[in-house]
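Take a look at the structure set out below.
There are 2 protein chains.
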Amino acid sequence: ANDEMFTHTMGLVYLLQIDEEVAKLLELKARLGGDDGKHQFVLKTAKGTRDYNPKQMAIREKVFNTIISCFKRHGAETIDTPVFELKETLTGKYGEDSKLIYDLKDQGGELLSLRYDLTVPFARYLAMNKITNIKRYHIAKVYRRDNPAMTRGRYREFYQCDFDIAGQYDAMIPDAECLKIVYEILHELDLGDFRIKVNDRRILDGMFAVCGVPDDKFRTICSTVDKLDKMSWEDVKKEMVNEKGLSEQAADQIGEYVSMQGGMDLAEHLLQDQKMSQSKQACAGLSDIKLLFSYLQLFQVTDKVVFDLSLARGLDYYTGVIYEAVLTQAGVASVTTEAQNGAPGSTEESVSVGSVAGGGRYDGLVGMFDPKGRKVPCVGVSIGIERIFSIMEQKAEVSAEKVRTTEVQVMVASAQKNLLEERLKLTAELWNAGIKAEVMYKKNPKLLSQLQHCEESGIPLVAILGEQELKDGVVKLRVVATREEVSHTRRWRRVRNEIETY
Amino acid sequence: ANDEMFTHTMGLVYLLQIDEEVAKLLELKARLGGDDGKHQFVLKTAKGTRDYNPKQMAIREKVFNTIISCFKRHGAETIDTPVFELKETLTGKYGEDSKLIYDLKDQGGELLSLRYDLTVPFARYLAMNKITNIKRYHIAKVYRRDNPAMTRGRYREFYQCDFDIAGQYDAMIPDAECLKIVYEILHELDLGDFRIKVNDRRILDGMFAVCGVPDDKFRTICSTVDKLDKMSWEDVKKEMVNEKGLSEQAADQIGEYVSMQGGMDLAEHLLQDQKMSQSKQACAGLSDIKLLFSYLQLFQVTDKVVFDLSLARGLDYYTGVIYEAVLTQAGVASVTTEAQNGAPGSTEESVSVGSVAGGGRYDGLVGMFDPKGRKVPCVGVSIGIERIFSIMEQKAEVSAEKVRTTEVQVMVASAQKNLLEERLKLTAELWNAGIKAEVMYKKNPKLLSQLQHCEESGIPLVAILGEQELKDGVVKLRVVATREEVSHTRRWRRVRNEIETY
């Protein structure tokens, strides 16, 4: 009877599922329109995703070129991994955020999920190939079923742009290089002033310990501290006390520490701090911060780096130094409206307008994949490329300069009729000489429309063919901007360098 | 009672599903190992996918650079679309192959599928944004749940590399440019000799009509003809007669036509052909082939292009000219073992070793997405980049030249101890001058291991720091290959061009 009851119940559950499916199908049918056989497609991209048009792609290419040049200057190799991983590869790596992972439908075979970041596939790659040393970058799209906020540059499909150094090295040298890279990239992209906040998970944990946070609450209190860039200290304290059950006294002590910002001197000061110095972990972290700053001085980047005890970072897997870069200029605040820094005592700091890079040391992640748990220490940084795209797009819109979406140098045109074949022949000559050239796909286009096309797409030169030039064996090249004209014999390889100056 | 019966049956169906799930979970548990809490991950990528290691990425980058340069030389813009589309966007576009589409799990919200190619998303993009004119390229990964044959370069995740021209233009001009592009790319990649086969769907359809193929069998007979590059004519004929129910007489007539290969002269000859000239469609196609060849002559590419009546192409959506490029050199045959061309009369042709590019005209696809069915004529080409990667990888393996995976120009080293800080300082100077430089992340590395690193990763120069040079304010740059040494003052921007010559 119990079995029958169970069968019956499951039957009901299944029927409910059928109802849901039927409802979906009916809705679909409604959207498809009548029975005239003509399907009415819903013309859209999936929720939280977007197409990139040619203008956006031109900006994207420029940003990528700057970033990749920097990674290459620092001797990085690059790798690529598949867009989906075995589901179990991602399991247990993202804590609560696991619910945001996109799963593929079970169509028979392995259970698969879309990658959620590039760090876990990187760790899987290292463990799988038994690689213990690598400096690599990886630029690729990742997927999160988050609530999209596309106006603020937050998508369900978005690029990550990671640089990581794996290997057992002397302390803080690769860590300092990661910060140098963030500095160089933000400087070269010319996004306005920025700060790089630095902290260490061991300092946070030591601080929690000496402030009286119970061991099992370290991670959850840490993720509350992480909200300080979006919430006021009062709200953060409320969450600690009311939601996480921390004593008010402990919270207040934390509040004192997390308001501290400085440089190497602050690390020295805290090493003398009566409470803080009781924690071995904190002392190890503070000594490393000191060492880090000494390397950053050699790298000439200390003007932008600040040791900030309120920096916590969301991800579980960090084990040492952590960092985050924020733009501090008011000019870009409209792109990233949500951030406000309300940590007590930090009012003198200009308002933070959102993180554009972040990272840290994660010495345990690769070991999670290794059958024998062998560790490969790693430190890395992720450039917040989508936010940077948004800012660059906005800058391009207000700027007078037009974004070119092609690189065409010469438009091959004619004023007279019946010269299609001559135009095609000349265009092929230019292509064969490595010159970027275009021709209208019309037998007899009007000269005006050919010139208009040059104006619209920013083509600097136009080659105008006429009967006389053909007889003389020359081609007139006109500079679109100045209307200046020069005759050329048709030896294009010689002219190529000159053409490139326009 | 019927309701109860139904409920009961559905319950059983559901229970069977539960059994399946339980079996999967048990299998999973078994793989995860015992109950010691230590998870035993299966360290692999999903079936049919692969990681790219730095060496493969270096080759990939080189190939992409060649191809993208060509696309840009021809004035193409680029776009990007999301990796998944609404499921219904892909529905009804791929015929039988639809079963190979990867669906995402229904996690609430829209039903999504991974893109199967770049052409359907491109058509969706054009219709959605009401774009009627564009010349664009798109390089991205696509997904097919096919039986992977990874040794032959066939994966479930693979790159497509598409160039398309959309717009209403005068006949055959954009079509000729697509063929010019294929020619340029295959020539520049230096993969050995190649042929570009050209045909026209209208010629095929006209031929089927005059040979007595019933209208409703055009598409299925066409897909049988498409197998001629992998099957002998005898087997193709068998399939037509035995499986598709074609008369032997009709098949034999087709056999005569599909053995024909030539150039513009063959098109002229067929325009006079008593049977073929009865089909208006065939005549339209043949006239266009003539026109196409006249443009190809102006583009100087006719030496590799052949009008081949056996070329059919698999996809349904082609409406006019179609083409396919094959490598003809025996040297690369081992990469692509399956192909053999057995069309009658084609024995004088060297053995085809597999398609490396293909495309054609598809004037109806965009209209399928437009609510009012407005058409945007398109022609395009897809470069078979994965096969090209395989060939390039194979070439790199047999070649003596080492593939560099970084671009580092200078290794900053020291022979003496305690010079870490000086090494870091010099490295930063080089980075700041735009020079690609590396330094070992060790306090006191051995000179030998620093030099070995240069040898292994092909770094051409090593800057060797010593007390004496520091006193003199100079740095010795040693050419690794020749051991030649030159002293430099530390004005690195001046030395940069010289360094780039190594």
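Protein chains in written order, with my numbering: chain A, 15 to 516; chain B, 15 to 516.
Every residue, glycine too, gets a C-beta built ideally from N, C-alpha and C.
On a predicted model such as this, the values are computed, not experimentally measured, just so you know.
1) Mind checking Ile513(B): buried by the 16 CB within 10 Å criterion, or exposed?
2) Using a Cβ-Cβ cutoff of 8 Å, what residues of the stretch 84-110 of chain A are near chain B? List them in chain order.
3) Looking only at its own chain, which residues have a Cβ that is under 7 Å from the Cβ of Val509(B), when we skip the five neighbours before and after it?
4) Cβ atoms of Leu312(A) and Leu200(B): under 8 Å apart, would you say?
5) Who does Thr503(B) pair with in a DSSP beta bridge?
6) Less than 8 Å between the CB atoms is what I'm expecting for Val426(A) and Thr441(A), so what's the real figure, rounded?
7) Can you check whether the C-beta of Gln121(A) is within less than 8 Å of a C-beta belonging to chain B?
8) If you drop the 5 nearest sequence neighbours on each side, which residues of the same chain put their C-beta closer than 6 Å to that of Ala141(B)?
9) Which bits of chain B does Asn256(A) rub up against, with CB to CB less than 7 Å?
10) If distances are taken between C-alpha atoms only, which option among Pro96(A), Ala60(A), Gly109(A) comes closest to Pro96(B)?
11) Within the same chain, show all residues whose beta-carbon is closer than 8 Å to that of Arg233(B), passing over the 5 residues directly before and after it, in chain order.
12) When DSSP labels each residue in this structure, what does Ile195(B) get in the three-state scheme?
13) If you run the structure through DSSP and keep just helix, strand and coil, what is Lys416(A)?
14) Quickly, what does DSSP pair Ser112(B) with across the bridge? List them, please.
15) What runs of the alpha helix (DSSP H), each 4 residues or longer, lie entirely inside the stretch 58-133 of chain B?
16) Within the same chain, show all residues whose beta-carbon is closer than 6 Å to that of Gly48(B), passing over the 5 residues directly before and after it, in chain order.
17) Relative to the C-alpha of Tyr183(B), which candidate in Leu300(B), Thr515(B), Lys231(B), Val390(B) has its C-alpha closest?
18) Looking at Gly226(B) and Lys251(B), is the spacing between their C-beta atoms short of 8 Å?
19) State the Cα-Cα distance for the pair Ile402(B) and Glu498(A), rounded to the nearest angstrom.
20) Helix, strand or coil, according to DSSP, for Arg508(B) in the structure here?
21) Can you list, in chain order, the residues of the stretch 163-177 of chain B whose Cβ is nearer than 8 Å to any Cβ on chain A?
22) Alpha carbons only, please: which of Leu484(B), Glu481(B), Val493(B), Cys192(B) is nearest the one belonging to Gly472(B)?
23) Between Ile217(B), Thr133(B), Val500(B), which lies nearest to Lys289(B) when the distance is taken from Cα to Cα?
24) Please compile the residues from chain B whose C-beta is within a distance smaller than 7 Å of the C-beta of Leu67(A).
25) Can you tell which of Glu248(A), Phe307(A), Thr515(A) has the C-alpha that lies nearest to the C-alpha of Pro188(A)?
26) Sorted by chain position, which residues of the same chain lie with C-beta nearer than 8 Å to Ile195(B)'s C-beta, five sequence neighbours on each side aside?
27) Under 8 Å between C-beta atoms, does Arg505(A) make it to chain B?
28) Using the beta-carbon of each residue, which ones in chain A are nearer than 8 Å to Thr188(B)?
29) Figure out for me which residue from Ala447(A), Glu443(A), Leu434(A), Trp445(A) has the closest Cα to the Cα of Lys460(A).
30) What's the gap between the Cα of Ile81(B) and the Cα of Ile81(A)?
31) Checking the sheet assignment: what are the DSSP bridge partners for Lys155(A)?
32) Check whether the stretch 141-153 of chain A touches the stretch 116-124 of chain A, counting contact only when three or more Cβ pairs, one atom from each stretch, lie closer than 8 Å.
33) Report the CB separation of Arg215(B) from Gly334(B) in whole angstroms; it is logged as a contact under 8 Å.
34) Would you say Arg327(A) and Gly374(A) are within 8 Å of each other, going by their C-beta atoms?
35) Does any residue of chain B have a CB that is nearer than 8 Å to the CB of Lys409(A)?
36) Closer than 8 Å by beta-carbon distance: list the chain B residues that pair up with Leu519(A), in chain order.
To lay it out plainly:
1) buried
2) Lys86, Arg87, His88, Gly89, Ala90, Glu91, Thr92, Ile93, Asp94, Thr95, Pro96, Val97, Phe98, Glu99, Leu100, Glu102, Thr103, Gly106
3) His502
4) no
5) Val488(B)
6) 5 Å
7) yes
8) Val380, Phe383, Asp384
9) Residues of chain B passing the Cβ test: none, with the nearest at roughly 31 Å.
10) Ala60(A)
11) Asp330
12) helix
13) coil
14) Beta-bridge pairing links Ser112(B) to no other residue.
15) 68-87, 101-104
16) For Gly48(B), the predicted structure reports a pLDDT of 42, less than 50, and the residue's modelled location is therefore unreliable. A value from the coordinates is still provided. Correct list: empty, nothing qualifies.
17) Val390(B)
18) no
19) 44 Å
20) helix
21) Glu171
22) Val493(B)
23) Ile217(B)
24) The sequence shown places Asn at residue 67(A), rather than the Leu named in the question. Here the neighbours are Ile93.
25) Phe307(A)
26) Cys84, Phe85, His88, Phe177, Val395
27) no
28) Inspection of the sequence shows that residue 188(B) is occupied by Pro rather than by Thr. Correct list: Tyr455.
29) Leu434(A)
30) 22 Å
31) Tyr173(A)
32) no
33) 6 Å
34) yes
35) no
36) A question about residue 519(A) goes unanswered here, because the residues of chain A that appear run from 15 up to 516.
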